[in-house]
Amino acid sequence: MFFKEYPVFQTIKEAKSFCQQSSRIEKRQLLFNYIRQQEPLFTNNQRWGAPSICYLQYLMNGLYDVDEAYSRYSELTLLEKHGIAHLIISLSAPYWEMLPLIVLAQPKTPPIEYIVYMSVNEHDEKNNRYCKLYIFNPSTCERRSMGKRVDMNIGIDILRSMIQNELNCGENIFIFEKCFLEFNSDYIDYFGNYIHQKVKEKMGYEEKWAEIRTLRNRLAHPHEGISEKNLKRACDILCAKNFFEDMEALVFLLSPLLPKERQMFCQYGHHDKKDKYARIAHGICRINAEKNNKER
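First residue of the sequence shown: 892, per the numbering used here; consecutive thereafter.
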């Protein structure tokens, strides 16, 4: 185990000032360290789900690639332009996920033959909470619904029995119980397939993201031919100075914070971490994973 120190910022303005004074190489290395520190959480099923901060980090990493490629656009081959189109589609996918899901259950032991997801909860007229469960097979990348909506007040024992019967998995199942029993739609750090709405609000640029959505739909099958007009427009938006720098500042502000501090910032616009540097441990896969599961 070893520790690294990372700069802590109180405001977007502070983070942006840091980014403007740092070289691209320094920032990419810092971002790489953040991503590497998160990797222990991407074990087993968790590589199929992540907190919003991870998607932001990968988004920023992709934006660096897009920006560097777009700066020499005239030199790119057709294959490289197709690669940029695929990258834009991939890095923007969590922002526009139409079926937000969070990881609910997994086998206790390998191999990972299935993952159980829970849809973000719904409400009926009586304000009861409901969700739908989905089974994902990592081997085939197939996803199927378990059927009817589930009342989230049924209790964990009935839920466990439902999943065991559906998958015929016996006792070989681990359920993230707090996700089901104490689901909070405001919580931004569930392992899922989407960027949380509160994080999107901090990202801003809703109109630009809406345009990106239209453009990515037009780029959805770049192997069939690519519209350079649409590709250039998407790159213009993503690489625009204000858009790029604001996204960069948000990523570097949120990354060194603990989950509760990120939650506080996204919910209230400030956090209570007063230290100038955060000491983050590396090389402690099991501890990090267990800590994150408890906080969920």
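All C-beta atoms in this analysis are idealised placements derived from N, C-alpha and C, irrespective of residue type, glycine included.
- Under DSSP, Arg915 shares a beta bridge with no residue.
- Between the C-alpha atoms of Gly1083 and Cys1070 there is a straight-line separation of about 11 angstroms.
- In the DSSP annotation of this structure, the continuous segment of the beta strand (DSSP E) that includes Met1009 starts and ends at Ile1006 to Ser1010.
- For Tyr1021, the enclosing beta strand (DSSP E) starts and ends at Arg1020 to Cys1022.
- When DSSP states are grouped into helix, strand and coil, Gly1095 belongs to the coil group.
- Leu1122 is positioned such that its CB atom lies closer than 8 angstroms to that of Lys972.
- If the five residues before and after Phe900 are omitted, its C-beta is found closer than 6 angstroms to the C-beta atoms of Ala906 and Leu1144, all from its own chain and listed in chain order.
- Residue state for Gln901 is assigned as coil, using DSSP reduced to three classes.
- Using a 10 angstroms sphere on the CB of Gly940, the tally of other CB atoms reaches 16 or more, which defines it as buried.
- Our two residues, Leu1129 and Val1041, have alpha carbons roughly 40 angstroms apart in a direct line.
- Pro1002 and Asn1028 have their alpha carbons spaced roughly 11 angstroms apart.
- Between Val957 and Ile979, the CB-CB gap stays under 8 angstroms.
- Within the model, the alpha-carbon separation for Tyr955 versus Arg919 is close to 8 angstroms.
- Taking a 10 Å sphere around the C-beta of Met1009, we find 16 or more other C-beta atoms and assign the residue as buried.
- Under the criterion of beta carbons closer than 8 angstroms, Leu1148 and Phe1156 qualify as touching, at roughly 7 angstroms.
- Ranking Arg1020, Glu1136, Ile1064 and Met1053 by CA distance to the CA of Glu1073 puts Arg1020 first.
- Around the Cβ of Arg963, a 10 Å sphere holds fewer than 16 other Cβ atoms; the residue is exposed.
- Runs of the beta strand (DSSP E) lying entirely within the segment 919-1005, each at least 3 residues long, are 992-997 in chain order.
- For Arg1034, the uninterrupted beta strand (DSSP E) run begins and ends at Glu1033 to Ser1036, by DSSP.
- Apart from the 5 residues on each side of it in sequence, Leu1050 sits with its Cβ closer than 8 angstroms to the Cβ of Val1041, Ile1066 and Phe1071 in its chain, given in chain order.
- Under a 10 Å Cβ-count criterion, Ile1079 is classified as buried, with 16 or more other Cβ atoms of the shown protein chains found around its own Cβ.
- Under DSSP, Arg1170 forms a beta bridge with Glu896.
- Closest option to Ser965, judged by alpha-carbon separation, among Glu1119, Tyr1168 and Phe1135: Glu1119.
- At the C-beta level, Leu950 and Leu922 stay beyond 8 angstroms of one another.
- Rounded to the nearest angstrom, the gap between the Cα atoms of Asn1108 and Ala984 is 11 angstroms.
- The Cβ neighbour count for Glu1139, taken over all protein chains shown within 10 Å, is at least 16; the residue is labelled buried.
- His1161 counts as exposed, since fewer than 16 other C-beta atoms from the protein chains shown sit within 10 angstroms of its C-beta.
- In the structure shown, Tyr1025 adopts extended strand secondary structure according to DSSP, grouped into three states.
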